[in-house]
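**Q**
Number of protein chains: 2
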Amino acid sequence: MSETSVANTLRRPRAARQHSEAAAESTSTHVGELDTAYLETLLGYNARRAALSVIAVFLQRMEPYGLRPVDFSVLTLIAHNPGITSRQICTALDILPPNLVGMIKSLDKRGLIERRAHPTDRRAQGLHVSAAGKRLQREAETTATQLEQDVSKALTADELQTLNHLLRKVYQS
Amino acid sequence: MSETSVANTLRRPRAARQHSEAAAESTSTHVGELDTAYLETLLGYNARRAALSVIAVFLQRMEPYGLRPVDFSVLTLIAHNPGITSRQICTALDILPPNLVGMIKSLDKRGLIERRAHPTDRRAQGLHVSAAGKRLQREAETTATQLEQDVSKALTADELQTLNHLLRKVYQS
DNA sequence: TATTGTTATACTCTATAACTATA
DNA sequence: TATAGTTATAGAGTATAACAATA
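Quick note, the sequences are listed as chains A and B, same order. Letter 116 of the first sequence, counting from 1, is numbered 1415 in our numbering, and no numbers are missing. Letter 171 of the second sequence, counting from 1, is numbered 1470 in our numbering, and no numbers are missing.
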């Protein structure tokens, strides 16, 4: 399948929103609103649901650039860290080396990055964005920044900042 | 592969934590700390990283119960909503019907749930937890609640509550 | 005609083992 | 002996198409 047909996976039936307290156990069948209150107290559940809902929008908006979430992260990391190695990307993004190979190969084939000889380690390669890669990454970054506003429209600017701060504390602990 | 070997997927190299501002572009190779500052401003990135880090712990702790995250959500939803249908679960958890079939079948085969005739719709089935299912779900729920404390140990109780609240606002919008 | 549950299937994502070249 | 990049491959996770039974 071609790289452009990336975002055909959108499907966003909203979650049940009620925290119903009423027990409907008198009959053998639950007929009213669902009780999802307990699941909604769980950080793993909420973080996963939020991530998936943001990523769904991301997939749509990034489809013109042919970048999926991890592709975007990799390209952005290379743009912001010229000469970075594959191994450094793997550590920073928690990707396994075999799974990065294809992405790097694809970005290279598209002419977005270059692999140069590493100056001090002949096993490694220094990764750099090409001129075209820099242009694409800048456009994609602008799109991502705009998207940030859209997916958090239920939040104030302060709330969004707080949310990002708390999320980082969770995964950086 | 058996259902008990679920949590063999743990690998947690911590993310780079520095928000370095210094541009190291003078040489062709980046040697110092990586600059991940921009990615760490993005809600999708942070939510995904946080979700994955919580889920990694979840997989470990739930391995004794043979429950992966979605299995746990499904079993919990049935326990809290006796008589719920597959279709209702799909809507509540944003799962596609074909992907739920195997989970329901597995929970049924393990004797954790029962499928009864739906009282008003002969196409549907009312799902109920068995006595064993109720016991397992209660233990798993206790484990999940305990886990909540552990994965959020970098946060105060207030911060955790705020975080969950803001995450729900994101995916319930 | 639409919906529930289901089968078959394909694609993507994520993991391990093992290799080579270099350190 | 250990590490960087790679290949091959296996297993989850997630998607679509299409069907029978029922609404």
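Note that the Cβ used here is the ideal one computed from N, Cα and C, for glycine as well.
Can you name the residues that DSSP bridges to H1427/B?
**A** Paired residues: E1413/B.
**Q** Once you ignore the five residues that flank H1379/A on each side, which residues in its own chain have a CB closer than 7 angstroms to its CB?
**A** Closer than 7 angstroms at Cβ, skipping near neighbours: no residue.
**Q** Given a threshold of 16 other Cβ atoms within 10 Å of its Cβ, counted over all protein chains shown, does T1384/A qualify as buried or as exposed?
**A** The residue in question, T1384/A, is buried, as its Cβ has 16 or more Cβ neighbours within 10 Å.
**Q** Could you check whether I1388/B and V1400/B sit closer than 8 angstroms to each other, using their CB atoms as the reference points?
**A** Contact: no.
**Q** Assuming V1469/B contacts A1439/A (C-beta within less than 8 angstroms), just tell me the rounded distance between them.
**A** Between A1439/A and V1469/B the Cβ distance is about 21 angstroms, and since that is not below 8 angstroms, they are no contact.
**Q** Report the three-state DSSP secondary structure of D1420/A (helix, strand or coil).
**A** The answer is coil: DSSP assigns D1420/A none of H, G, I, E or B.
**Q** Do T1442/B and M1361/B come within 8 angstroms of each other at the CB atom, strictly closer than that value?
**A** The answer is yes: Cβ separation under 8 angstroms.
**Q** Measuring only the C-alpha atoms, how far is L1426/A from S1429/B?
**A** Cα to Cα, L1426/A sits roughly 56 angstroms from S1429/B.
**Q** Bridge partners of I1383/B, per DSSP?
**A** Answer is L1426/B, bridged to I1383/B.
**Q** Give me the chain A residues within the contact set of K1433/B, using Cβ-Cβ distance strictly less than 9 angstroms, ordered along the chain.
**A** Chain A residues near K1433/B: none, gap ~12 angstroms exceeds 9 angstroms.
**Q** Return the residue from the list V1353/A, R1415/A, V1369/A, H1464/A that minimises the CA-CA distance to L1395/A.
**A** The shortest Cα separation from L1395/A among V1353/A, R1415/A, V1369/A, H1464/A belongs to V1369/A.
**Q** Rounded to whole angstroms, what's the CA-CA distance from A1346/A to T1444/B? Just pull it up for me.
**A** Rounded to the nearest angstrom, the two C-alpha atoms are 15 angstroms apart.
**Q** Within the present structure, is the beta-carbon of E1458/A separated from the nearest heavy atom of the ligand ZN by less than 7 angstroms?
**A** In terms of ligand content, the structure shown is empty, and the ligand ZN therefore cannot be addressed.
**Q** Using only the alpha-carbon positions, how far apart do T1326/B and Q1471/A sit?
**A** The predicted position of T1326/B is uncertain, since its pLDDT is 38 and thus under 50; a value taken from the coordinates is nonetheless stated next. Those two C-alpha atoms are separated by around 29 angstroms.
**Q** Are there three or more Cβ pairs, one per stretch, closer than 8 angstroms when the stretch 1349-1357 of chain B is compared with the stretch 1411-1423 of chain B?
**A** No, they do not touch.
**Q** Report all residues from its chain with a CB closer than 6 angstroms to the CB of A1423/B; omit the five preceding and five following residues, and keep chain order.
**A** If we look at A1423/B and ignore the five residues flanking it on each side, its Cβ neighbours are T1384, H1417.
**Q** Kindly list the residues whose CB is nearer than 6 angstroms to the CB of L1459/B, restricted to its own chain and excluding five residues on each side of it in sequence; keep chain order.
**A** Around L1459/B: S1451.
**Q** Can you list, in chain order, the residues of its chain whose CB lies under 8 angstroms from that of D1449/B, leaving out five sequence neighbours each side?
**A** The answer, listed in chain order, is V1356.
**Q** Hey, does D1457/A have any beta-carbon neighbour from chain B nearer than 8 angstroms?
**A** Answer no: the Cβ-Cβ gap between D1457/A and chain B never drops below 8 angstroms.
**Q** Thinking just about the alpha-carbon of each residue, which of L1466/A, I1403/A, D1420/A is nearest to the one in T1455/B?
**A** It is L1466/A whose Cα lies nearest to the Cα of T1455/B.
**Q** Any beta carbon from chain A within less than 8 angstroms of L1411/B's own beta carbon?
**A** It does not: the Cβ of L1411/B has no partner Cβ on chain A nearer than 8 angstroms.
**Q** Should A1349/A be flagged as near chain B, meaning a C-beta pair shorter than 8 angstroms?
**A** Cβ-Cβ to chain B under 8 angstroms: yes for A1349/A.
**Q** Measuring alpha carbon to alpha carbon, tell me which of E1447/A, L1376/A, L1392/A ends up nearest K1473/A.
**A** This structure gives no information on residue 1473/A, because the portion of chain A shown stretches from 1300 to 1472.
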